[in-house]
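Structure first, commentary second.
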Amino acid sequence: QSRKITQITLKITQITLKITQITQITLKITQITQKSSNMRKFRVSPYGCRDGRTGF
């Protein structure tokens, strides 16, 4: 029975690791999209300012 518990624990660890990897990838994608949207804001701004939406 203790062997079953170890197998379950190992499976849970593997799943947790996968979730962590997915979270890291998602965070990276979020960072990249934020960077590109910031760049777009800079370009869109006709006043050459920090915030393209307000123009201030």
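Just so you know, the sequence shown maps onto residues 517 to 572 in the working numbering.
Note that CB positions come from ideal geometry on N, CA and C, so glycine has one too.
Bear in mind the structure is a predicted one, so any value in this text is a computation, not a measurement.
(message) Please report the distance separating the alpha-carbon of T549 from that of Q523.
(response) The residue labelled residue 549 in the question sits at position 33 within the sequence shown. The residue labelled residue 523 in the question sits at position 7 within the sequence shown. If you take the alpha carbons of T549 and Q523, they lie about 39 Å apart.
(request) Look up Q517 in the DSSP assignment and say whether it is helix, strand or coil. (result) Here residue 517 corresponds to residue number 1 of the sequence shown, with the count starting at 1. In this structure, Q517 counts as coil in the three-state DSSP scheme.
(request) State the Cα-Cα distance for the pair S552 and I531, rounded to the nearest angstrom. (result) Start at 1 with the first residue of the sequence shown, and residue 552 comes out as number 36. Start at 1 with the first residue of the sequence shown, and residue 531 comes out as number 15. C-alpha separation (whole angstroms): 32 Å.
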